[in-house]
Amino acid sequence: MDSSISSDLSDGAVVSLAALAPDRDAMVCGAPRPSLMELGFTPGARVRVIAKAWFRGPLAVRVGSDTFALRRDEAKGLIVKPIPL
Numbered sequence: 014m015d016s017s018i019s020s021d022l023s024d025g026a027v028v029s030l031a032a033l034a035p036d037r038d039a040m041v042c043g044a045p046r047p048s049l050m051e052l053g054f055t056p057g058a059r060v061r062v063i064a065k066a067w068f069r070g071p072l073a074v075r076v077g078s079d080t081f082a083l084r085r086d087e088a089k090g091l092i093v094k095p096i097p098l
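Numbering (the numbering used here), first residue to last: 14 to 98.
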C-alpha cells in the first residue's frame, strides 16, 4: 500500500503500520510480537511513522519519545488505528 491510501482512511479503520502515511499519528491495536512490546509498542500506545525508506526499506517510527527503525515486514505485522487529524 502507498501513503495515499492511508491518508483517505475513514474513522475506525485499522491498518498495518507499514500502510500509515508519514507524519500521521495512530494507536496500536492488539498485541504485537513480544520483542516489539518490549520497545513500547503496547496496545493503546501512540505511534507515528517519521519516514519511509525507498525500495521497501525500513521505516523510522516514533513511539513515545523514542524513535526506532523497523523492517517493513515488522511494521506490516503491527496493526494500528489512525487518529483523526
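For each residue, glycine too, the CB sits at the ideal point set by N, CA and C. In this text, all values refer to a predicted model and were calculated from it rather than measured experimentally.
Residues D38, A39, M40 of the same chain have their beta carbon placed closer than 7 Å to that of I96, with the five preceding and five following residues left out of the count.
Between V76 and L30, the C-beta spacing is not below 8 Å. Close CB contacts of V74 within its chain, under the 8 Å cut and outside five residues either way in sequence, are with L30, V60, R61, V62, I63, T80, F81, A82, L83, A88 (chain order). In terms of Cα proximity to D36, the closest of P45, G43, G90, L72 is L72. Classified as exposed, L98 has fewer than 16 neighbouring CB atoms from the shown chains inside 10 Å of its CB. Listed in chain order, the non-local C-beta contacts of G70 below 8 Å within the same chain comprise R85, local neighbours out to five positions each way being set aside.
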